[in-house]
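Heads up: the sequence shown at position 103 corresponds to 266 in my numbering, and the numbers run straight through without jumps. Each residue gets a CB set at the ideal place from its N, CA and C atoms; glycine is no exception.
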Amino acid sequence: MNATPFQGGSRLTGIAGAVAAAALGLTALGAVGDPRQALASYLVAFVYWLGIALGALILLGALHAAKARWPVVLRRFLETIPQTLPLFALLFLPIALGLKHVFVWVEPAGLGGELAQAVAHKRPYLNVPFFLARAVVYFVVWIGVAHLLRRWSVQQDRVGGHALTLRQRRLGAASLPFLALTLSFAAFDWMMSIDPRFYSTIFGVYWFAGSFLGAFAVLAIAAAATRALPDHFGHHLNADHVHSLGKFLLAFTAFWAYIAFSQFMLIWIANLPEEVPWYIVRTGSPWGRVGIFLALGHFVVPFFLLLSRDLKRDPRRLAMVAAWLLLVHWLDLHWVIMPHVHQAGPAPSWMDLTAFVGVGAAFLAFLVFRMRGAATVPVGDPYLEESLRYQPQ
Numbered sequence: 164m165n166a167t168p169f170q171g172g173s174r175l176t177g178i179a180g181a182v183a184a185a186a187l188g189l190t191a192l193g194a195v196g197d198p199r200q201a202l203a204s205y206l207v208a209f210v211y212w213l214g215i216a217l218g219a220l221i222l223l224g225a226l227h228a229a230k231a232r233w234p235v236v237l238r239r240f241l242e243t244i245p246q247t248l249p250l251f252a253l254l255f256l257p258i259a260l261g262l263k264h265v266f267v268w269v270e271p272a273g274l275g276g277e278l279a280q281a282v283a284h285k286r287p288y289l290n291v292p293f294f295l296a297r298a299v300v301y302f303v304v305w306i307g308v309a310h311l312l313r314r315w316s317v318q319q320d321r322v323g324g325h326a327l328t329l330r331q332r333r334l335g336a337a338s339l340p341f342l343a344l345t346l347s348f349a350a351f352d353w354m355m356s357i358d359p360r361f362y363s364t365i366f367g368v369y370w371f372a373g374s375f376l377g378a379f380a381v382l383a384i385a386a387a388a389t390r391a392l393p394d395h396f397g398h399h400l401n402a403d404h405v406h407s408l409g410k411f412l413l414a415f416t417a418f419w420a421y422i423a424f425s426q427f428m429l430i431w432i433a434n435l436p437e438e439v440p441w442y443i444v445r446t447g448s449p450w451g452r453v454g455i456f457l458a459l460g461h462f463v464v465p466f467f468l469l470l471s472r473d474l475k476r477d478p479r480r481l482a483m484v485a486a487w488l489l490l491v492h493w494l495d496l497h498w499v500i501m502p503h504v505h506q507a508g509p510a511p512s513w514m515d516l517t518a519f520v521g522v523g524a525a526f527l528a529f530l531v532f533r534m535r536g537a538a539t540v541p542v543g544d545p546y547l548e549e550s551l552r553y554q555p556q
């Protein structure tokens, strides 16, 4: 196994960085004329790409907690995805500076009726200083856990042994409750609080379900893209590794649908005036057609495709399904956030594209940059050879 640190990717980093700068610059120009649309488009892109990084971090912690050995060969790439979290801390600044354009509770003067009452009732929680302080806590927890897990893994490349494996397993297991809580409250703060009247105790799980599925989709695409490159993890995966990734995609496609249906069903049964309006906008207007498309495109179609054993063992076809899941995951978040800007129905904006491409290209550039300087597989892990020979019973 080649333990030489990865030093490539400089061209890809440069191209992605240039695309990010251009796309985010166009989004900033758009914000001059329509700041509300620009900030909403940017928020969709931000929570989309950040969610994938957090999904990868939670998956990494769960694999350590489970003492899983089969995914060791792909773990280095999984460790690197959350290394983009410092970038997202920086990319949060436009949201922090433009809060008033997205969140009505920032400047409640002029609000009336039920909305004014909801904002006044939640004022101890929904206020700018506390909102920003919570964001700092979230990023400190996420970045700290991600940094330690990768640091110990890279250190193990040099020293080997089981001691650092034990450290990673302990931190992975211990971090999961904190990652779950911070992700949930970030979902409450950055998406649910756009409408202060609405609340759902499983809204954080809804974001997690789509993001966790997105993390598996990124793994499947990266595995297919690197199969021909001897120095990358995809080259070392066998058909059983790919099959397991496909099974996870199938499982969490069903999990996303379960959480989406559970949230809708519970709100429909309770029929509470604080919750129902959120769904009325998304089901009774042209947004309802988007919801139907999500039910089909985010669940029915990929679910039945992924039932195929042959597809799940074919890296190329599995990557195509994974790419589709990433696309409909963006549409899902768009459906969650954009009705607050365009209640009458979908109104696509060019800033949706520039924000998505800008944040995504920055994510890619930083990811490839952070891959440099370490082996692309954890060569010092004592269970690597077992992972390479993976063959489920």
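Check	Outcome
Residue 277 - DSSP class collapsed to helix/strand/coil	helix
beta-carbon residue 455 near the ligand ADP non-hydrogen atom, thresh 8 Å	Ligands are entirely absent from the displayed structure, and the ligand ADP is therefore not among its contents.
Three-way DSSP call (helix, strand, coil) for residue 426 in this model	helix
Other residues of its chain near residue 502: CB distance less than 7 Å, five sequence neighbours each side excluded	444, 445 and 450
Close-in-space but distant-in-sequence residues of the same chain around residue 179 (CB under 6 Å, 5 per side omitted)	524, 527 and 528
Coil, strand or helix - residue 550 by DSSP	helix
For residue 289, three-class secondary structure by DSSP	coil
Within 9 Å, strictly: CB atoms of residue 311 and residue 344	no
Cβ separation of residue 406 and residue 540, assumed to be a contact under 8 Å, to the nearest whole Å	Not confirmed; about 19 Å, so no contact.
Three-way DSSP call (helix, strand, coil) for residue 362 in this model	coil
Straight-line Cα distance separating residue 209 from residue 327	33 Å
Spatial distance of residue 515 from residue 217 (CA atoms)	22 Å
Integer-rounded CB distance, given that residue 447 should sit under 8 Å from residue 498	Actually they do not touch by this definition, with Cβ atoms about 14 Å apart.
Outcome for residue 260 when other beta-carbon atoms lying within 10 angstroms are tallied against a minimum of 16	exposed
The alpha helix (DSSP H) enclosing residue 237, as first and last residue numbers	Looking at the DSSP string, residue 237 is not in any alpha helix (DSSP H), and its letter there is neither H nor E.
Assigned exposure category for residue 230 - 16 Cβ within 10 Å defines buried	exposed
Per-residue DSSP class, three states only, for residue 507	coil
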